[in-house]
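Numbering (the working numbering), first residue to last: 9 to 162. All C-beta atoms in this analysis are idealised placements derived from N, C-alpha and C, irrespective of residue type, glycine included.
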Amino acid sequence: MNHPKLINVRIRDVEFGENVIIVEPVNIYGCKIGNDCFIGPFVEIQKDVIIGDRCKIQSHAFVCELVTIGNDCVISHGVMFINDLFKTGGPARGNKALWKSTHIGNNVSIGTNSTILPVNICDNVVIGSGSVVTKDITVSGIYAGNPSKLLRKL
Numbered sequence: 009m010n011h012p013k014l015i016n017v018r019i020r021d022v023e024f025g026e027n028v029i030i031v032e033p034v035n036i037y038g039c040k041i042g043n044d045c046f047i048g049p050f051v052e053i054q055k056d057v058i059i060g061d062r063c064k065i066q067s068h069a070f071v072c073e074l075v076t077i078g079n080d081c082v083i084s085h086g087v088m089f090i091n092d093l094f095k096t097g098g099p100a101r102g103n104k105a106l107w108k109s110t111h112i113g114n115n116v117s118i119g120t121n122s123t124i125l126p127v128n129i130c131d132n133v134v135i136g137s138g139s140v141v142t143k144d145i146t147v148s149g150i151y152a153g154n155p156s157k158l159l160r161k162l
């Protein structure tokens, strides 16, 4: 009988600010999390991610490598960040040169089950639940849909 190699979820090599709250189980490694943040259960935050101060990352969110999140942000339940756009017709298969980065500004709220492709999102933005962000957002406002579109400026 074959036995799989088991790798336990854990927290390792993380630079934490003050007053961070984490609800386990989580898989968080090689990243930086600012002051006064909350990380819910079943979250994965990969290496080289930077999360600013006073952020809330809700349960079942996936924050992949090359993501930077500003201060005072809410990443709601089930939000998925993407860094591989399958430019060659399939996964990059470890070729990180094909990956792209994402930058989230300050005071950004991303609604439940949204998908964020490699984009830049400016400050003071709300992304509605279930949205798919495929292009940079350069104007503060409320966005929703697939692909997401500006509904109202803030």
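Bridge partner(s) assigned by DSSP for residue i
| i | result |
| --- | --- |
| Ile47 | Ile30, Ile65 |
| Leu158 | Tyr151 |
| Val82 | Lys64, Ser117 |
| Val140 | Thr123 |
| Asn35 | Glu52 |
Pair within 7 Å by beta-carbon distance, residue i and residue j
| i | j | result |
| --- | --- | --- |
| Ala105 | Asp92 | no |
| Ser67 | Phe50 | yes |
| Gly149 | Asn114 | no |
| Asn3 | Glu52 | The first residue shown for the chain is 9 and the last is 162, placing residue 3 beyond what the model contains. |
| Lys55 | Glu73 | yes |
| Gly136 | Asn121 | no |
| Ile41 | Ile29 | no |
| Gly119 | Ser84 | yes |
| Ile129 | Val140 | no |
| Leu162 | Asn132 | yes |
Cβ-Cβ separation, residue j to residue i (assumed contact under 8 Å), whole Å
| i | j | result |
| --- | --- | --- |
| Ile145 | Val127 | 7 Å |
| Val82 | Lys64 | 5 Å |
| Gly38 | Asp21 | 5 Å |
| Tyr151 | Lys143 | Going by Cβ atoms, the distance from Tyr151 to Lys143 rounds to 10 Å, so no, they are not a contact pair. |
Residue i burial status per 10 Å Cβ neighbour count (16 or more: buried)
| i | result |
| --- | --- |
| Phe70 | buried |
| Gly98 | exposed |
| Ile124 | buried |
| Thr110 | buried |
| Val147 | exposed |
| Ile112 | buried |
| Val75 | buried |
Where residue i sits in the DSSP three-state scheme
| i | result |
| --- | --- |
| Lys104 | helix |
| Met88 | strand |
| His111 | strand |
| Phe70 | strand |
| Lys40 | strand |
| Thr96 | coil |
| Thr146 | coil |
| Ile19 | strand |
| Asn10 | coil |
| Cys132 | The question names Cys, but residue 132 is Asn in the sequence shown. Asn132: coil per DSSP, three-state reduction. |
| Val75 | strand |
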